[in-house]
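Undergrad:
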Amino acid sequence: MTRITSLLLFCCCTLSICAQQGTPGSTDRESGRFALIEAAQRELLDSIYIAVTGNEHAYINGDEYFLYHFRAKNKPLLYYGEDRTSEIVVGGRRFSGLVLQYDTFTDEVIFSEIDNGFGNSRYNISIKPDHSGSFALFFRTDTLRFRYLTTADTGGEIPEGFYEIAYEGPTSYIIRHRSVVHQRNGIDEYFYSPVSYIRTPDGYRKITSGRKFLKLFGEGAAEIKRIADQRRIKPGKATKKQIKYMIQTYDSRRGATRGS
């Protein structure tokens, strides 16, 4: 942490010098100083990242994440407060044993609460999606695996962003963990409002009511209903685990039918 501490001191000193020496007609000098500050901040982020990952050859493409929701009781961070471990793929490298947060409002992956070296302040770093195509959150009772889906991946049928890949096969089941904002007493509060999709040969379709869920499978609707009835699952109230089971079983049976 010595290098991190030195960089923080350097940033603070540079900011102080700029504040004291800013005078009219010094635009060029100020621009140079601000460029120096920006470079120092970038080096600081890189140093923190190296300290966390233990790999000085890996490069972070990210920015400091500001806690814009600090006043909110309802945070946009997925499963906020629950213990987890995580892994992420950055620049083609996989890193494990980290603590990541996912902002469901801004669609950001965050290295959370990284010690800045002083012991009394912590950093949060937002990782840009072009260098983090996938990540996973491991909770005590569930594992969530995310992938960044682009327009090229989906044909533009759903918005770009991170999706939990709940199940992937001939039929796929993905979840957009998102939140919506509402003001209460002048404070923005963030309410969890996920959207789930099924991908069939006809494309991506949003899961809404139970009856519409069955219709998403077209000619296979009767088979899905049979699977649900056998397990006494109500499609309109099905949990993620139940939906995953139905689709896996459906794919398995359809595959066996086609192969016979």
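Residue numbers for the sequence shown, in this note's numbering: 16 to 275. Note that the Cβ used here is the ideal one computed from N, Cα and C, for glycine as well.
1) Please confirm whether T119 and R193 have their CB atoms less than 8 Å apart.
2) Could you have a look at D244 and say whether DSSP puts it in helix, strand or coil?
3) Assign H15 to one of two classes, buried (16 or more other C-beta atoms within 10 Å of its C-beta) or exposed (fewer than that).
4) Please go through the same chain and pick out, in chain order, the residues whose beta-carbon is closer than 6 Å to the beta-carbon of A151, but skip the five residues on each side of it.
5) Which one or two residues does DSSP pair with H197 in a beta bridge?
6) Any idea which residues DSSP pairs T158 with across the strands?
7) I want to know whether the region 212 to 230 touches the region 163 to 180 - three or more CB-CB distances under 8 Å.
8) According to DSSP, is I125 helix, strand or coil?
9) As a quick exercise: from F81, V104, L92, pick the residue whose alpha carbon is nearest that of N139.
10) Counting Cβ pairs, one atom from each stretch, are 3 or more of them under 8 Å apart for the region 180 to 198 and the region 258 to 269?
11) Label F232 either buried or exposed according to how many other C-beta atoms from any shown protein chain fall within 10 Å of its C-beta, with 16 as the threshold for buried.
12) Just to confirm the assignment, what range does the beta strand (DSSP E) spanning F110 have?
13) Going by C-alpha distance, which of L93, N89, I258, G77 is nearest D288?
TA: If we stick to the structure as given:
1) For the purposes of this step, residue 119 is identified with residue 104 of the sequence shown, where counting begins at 1. For the purposes of this step, residue 193 is identified with residue 178 of the sequence shown, where counting begins at 1. It is a contact, given that the beta carbons lie within the stated cut-off.
2) The count along the sequence shown starts at 1 and reaches residue 244 at position 229. Helix, per DSSP.
3) As shown, the chain starts at 16 and ends at 275. That puts residue 15 outside it, with no answer to give.
4) Sequence index remark: in the sequence shown, residue 151 carries index 136 (1-based). Counting only Cβ-Cβ distances below 6 Å, and skipping sequence neighbours, we find E102, R160.
5) The sequence position of residue 197 within the sequence shown is 182, counting from 1. H197 is bridged by DSSP to E204.
6) Counted from its first residue, the sequence shown places residue 158 at position 143. Answer is F153.
7) yes
8) On the sequence shown, position 110 is the one that residue 125 refers to. Correct three-state label for I125: strand.
9) Working through the sequence shown from its first residue, we reach residue 139 at position 124. Considering only alpha carbons, the answer is F81.
10) yes
11) Locating residue 232 in the sequence shown gives position 217, counting from the first residue. Looking at its Cβ environment, which holds 16 or more other Cβ atoms inside 10 Å, F232 is buried.
12) Here the question's residue 110 lines up with position 95 in the sequence shown. Its beta strand (DSSP E) spans residues 108 to 113.
13) It is not possible to answer for residue 288, since the shown part of the chain is limited to 16 through 275.
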